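In this note's numbering, the protein residues as written are 2 to 442.
Heads up, the beta-carbon is just placed ideally off N, CA and C, and yes, glycines get one too.
Given the structure is predicted, the values throughout are model-derived calculations rather than measurements.
Worksheet: the structure to be examined is printed underneath.
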Amino acid sequence: MDSRRAIVVLVIACLAYVVAILQRTSIGVVGVDATTRFSIDATALSTLAVLQLGVYASLQIPVGVLIDRFGPRVLIVAGALSMALGQAAVGLASDLGLAVVGRVLVGAGDAMTFLSVLRLLGAWFSPRRLPQLQQWVGTLGQSGQLLSAVPFAGLLGLAGWTTAFLSAASLSLLAGLLVTVAVRDAPSGHVDERALTVRIAFTRLAEALRRPGTRLGFWAHAVTQSSPTMFVLLWGYPFLSVGLGYSREVTGWLLGLIVLAGALAGPVIGLLSARFPLRRSSIVLGIVAMTAIAWAALLRPENPPPLPAVIVFLTILAVGGPGSLIGFDFARTFNPSASHGAATGFVNVGGFVTTLVLVLVVGLALDAVSGGTTPAELYAWQNWRVAFAVQYPIIGLAVIGLIAARRRTRRRLVEEEGIAVAPLWTALVVNWRRRGGRRRG
Numbered sequence: 002m003d004s005r006r007a008i009v010v011l012v013i014a015c016l017a018y019v020v021a022i023l024q025r026t027s028i029g030v031v032g033v034d035a036t037t038r039f040s041i042d043a044t045a046l047s048t049l050a051v052l053q054l055g056v057y058a059s060l061q062i063p064v065g066v067l068i069d070r071f072g073p074r075v076l077i078v079a080g081a082l083s084m085a086l087g088q089a090a091v092g093l094a095s096d097l098g099l100a101v102v103g104r105v106l107v108g109a110g111d112a113m114t115f116l117s118v119l120r121l122l123g124a125w126f127s128p129r130r131l132p133q134l135q136q137w138v139g140t141l142g143q144s145g146q147l148l149s150a151v152p153f154a155g156l157l158g159l160a161g162w163t164t165a166f167l168s169a170a171s172l173s174l175l176a177g178l179l180v181t182v183a184v185r186d187a188p189s190g191h192v193d194e195r196a197l198t199v200r201i202a203f204t205r206l207a208e209a210l211r212r213p214g215t216r217l218g219f220w221a222h223a224v225t226q227s228s229p230t231m232f233v234l235l236w237g238y239p240f241l242s243v244g245l246g247y248s249r250e251v252t253g254w255l256l257g258l259i260v261l262a263g264a265l266a267g268p269v270i271g272l273l274s275a276r277f278p279l280r281r282s283s284i285v286l287g288i289v290a291m292t293a294i295a296w297a298a299l300l301r302p303e304n305p306p307p308l309p310a311v312i313v314f315l316t317i318l319a320v321g322g323p324g325s326l327i328g329f330d331f332a333r334t335f336n337p338s339a340s341h342g343a344a345t346g347f348v349n350v351g352g353f354v355t356t357l358v359l360v361l362v363v364g365l366a367l368d369a370v371s372g373g374t375t376p377a378e379l380y381a382w383q384n385w386r387v388a389f390a391v392q393y394p395i396i397g398l399a400v401i402g403l404i405a406a407r408r409r410t411r412r413r414l415v416e417e418e419g420i421a422v423a424p425l426w427t428a429l430v431v432n433w434r435r436r437g438g439r440r441r442g
């Protein structure tokens, strides 16, 4: 493991994930154009993203089971083909119906990619490197957001809707070809842990769901990933371009800032997760608290905030992306490797179901408070202040689920491994006293 061939697999798998993120987030930068092209309101626009996310989330557990049965390479290639067909359909669509079909295909293909990449990492690299590798791959994969926010959006403005989407579709075809030629599920000599039948794979799924650590990963992913993904996937572009009045170019670079900030935060979060494995849930709760404060500071003023305040907000919001990967770390450490596909699939459901809900309710809130149909009426600053505030009760409920799952997980650690996890503040006080004692001695 960790060979030169492993590096090749890592690079190509990461490229496939970057392309998948590009396809996923491309709908966000065309929100204003789609409103005009299909003559739809904010609720109808959110339907495109909601259906995509709904398909993505509903396929996570089946995809995890299929990975455990057939291996990740087949799933990555199938996903690339599905996304290519979906983007081509959206590019050729002149009505909302065909665009919906296209986004459904994109969601299905996207669903097959990230879990497969995580499974490849587990086969090709040593366990001690996985926490940080997951962070690096997850963070680098988000550069697909940058590709959709800058070159894709630029191509959309220069060459039009159809050319932009067909060009994106061709990238998925290229990624699928590279994976077919250069990627294998595991190095030679690696023990094949794939389930012999789908039934056995579903049995492993049931076992994974009974482990409280798996459910802890579900809620950790839900509370950290949903807000930034909702923003990047659909509502960030109209918020910045219409609500705050920035140009297409400035809006693209601001969305790209989320990627850059996440790239800086990811390795730090990976290092903290590896260094303090019993405090990973505290890291998650800290990220949620920072995000909640950032949203409150952004939306509180009656007038649109200045650019420096927006930059600070986007930097903090970006931390939720790499923070959500802690959920997959829970799935990995609390499950045997043979069940990783199913366990990570279940964890991934948490973030995307919550994102789906946020995308939909923000769209409903915009329509409810705007009373208009043009982009300027729908996406005015005052409407965003109400619409984005609907996140608080939804994510608050998910935080309650996280705390309950953490208690069960810690109880299981005591019962099965004799490991008792003290409350964070107690541990900090004890550590402070120990250091003080050493200094006095």
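Within-9 Å CB hit, residue i to chain D
i    : result
G352 : Among the chains in the structure shown there is no chain D, since it carries only a single protein chain.
Beta-carbon spacing of residue i, residue j below 9 Å
i    : j    : result
L273 : I284 : yes
A81  : V9   : no
R104 : A50  : yes
P73  : V138 : no
P1   : W236 : With the chain covering only 2 through 442, there is no way to say anything about residue 1.
L148 : L261 : no
V360 : S47  : yes
T1   : G321 : Any answer about residue 1 is impossible in this case: the structure gives the chain only from 2 up to 442.
L206 : A343 : yes
L217 : R409 : yes
A150 : Y238 : yes
A14  : L121 : yes
V233 : I396 : no
S144 : A264 : yes
H222 : V391 : no
V33  : A165 : no
P188 : A7   : yes
Q443 : G123 : Coverage of the chain is limited to positions 2 through 442, which leaves residue 443 absent and any answer about it impossible.
Local Cβ density within 10 Å of residue i, reported as buried at 16 or more and exposed below that
i    : result
I404 : exposed
S227 : buried
T37  : exposed
S171 : exposed
R70  : buried
S27  : buried
D330 : buried
D96  : exposed
V243 : buried
Q83  : As written in the sequence, residue 83 is Ser, which differs from the Gln given in the question. Buried is the call here.
P278 : exposed
P337 : exposed
A90  : buried
L11  : buried
I294 : exposed
S371 : buried
A297 : exposed
G443 : Any question about residue 443 goes unanswered here, given that the chain covers just 2 to 442.
T114 : buried
P307 : exposed
Among the options, nearest to residue i - alpha-carbon criterion
i    : options                : result
I68  : A165, Q383, G346, L379 : G346
R276 : A90, A366, Q133, S127  : Q133
D111 : T230, I22, S248        : I22
L472 : L217, L156, L361, V75  : It is not possible to answer for residue 472, since the shown part of the chain is limited to 2 through 442.
R5   : L46, F126, V31         : F126
Q136 : T181, V362, P323       : P323
G443 : P229, R130, V184, R129 : Nothing about residue 443 can be read from this structure; the chain reaches only from 2 to 442.
P152 : T114, E250, V184       : E250
T356 : G55, V33, L256         : G55
P302 : V64, G158, L245, A94   : L245
G65  : A154, S40, T204, A45   : T204
L79  : L326, S59, L178        : Inspection of the sequence shows that residue 79 is occupied by Ala rather than by Leu. That would be L178, whose Cα lies nearest to the Cα of A79.
G155 : W254, V101, V387       : W254
L167 : G87, V400, V362, R200  : G87
A169 : R411, R130, P394, A85  : A85
D368 : L315, R129, T44        : T44
Anticipated Cβ contact below 8 Å, residue i with residue j, distance rounded
i    : j    : result
T225 : L241 : With a Cβ gap of about 22 Å, T225 and L241 do not count as contacting.
Q61  : V313 : With a Cβ gap of about 33 Å, Q61 and V313 do not count as contacting.
L379 : D42  : 7 Å
G92  : T181 : At roughly 24 Å, the Cβ-Cβ gap does not stay under 8 Å, so G92 and T181 are not in contact.
R407 : S325 : In fact, because the Cβ distance is near 16 Å, the residues do not count as touching under 8 Å.
V363 : F389 : 7 Å
Simplified DSSP state of residue i, which is helix, strand or coil
i    : result
E303 : coil
A187 : coil
Q226 : helix
R212 : coil
A245 : Checking the displayed sequence, the identity of residue 245 turns out to be Leu instead of Ala. Coil, per DSSP.
G72  : coil
Y380 : coil
G161 : coil
R440 : With a pLDDT of 47 at R440, under the threshold of 50, the modelled position of that residue is not reliable, and the figure given next carries that caveat. Helix at R440.
A320 : Note that residue 320 is Val in the sequence shown, not Ala. Reduced to three states, the DSSP call for V320 is coil.
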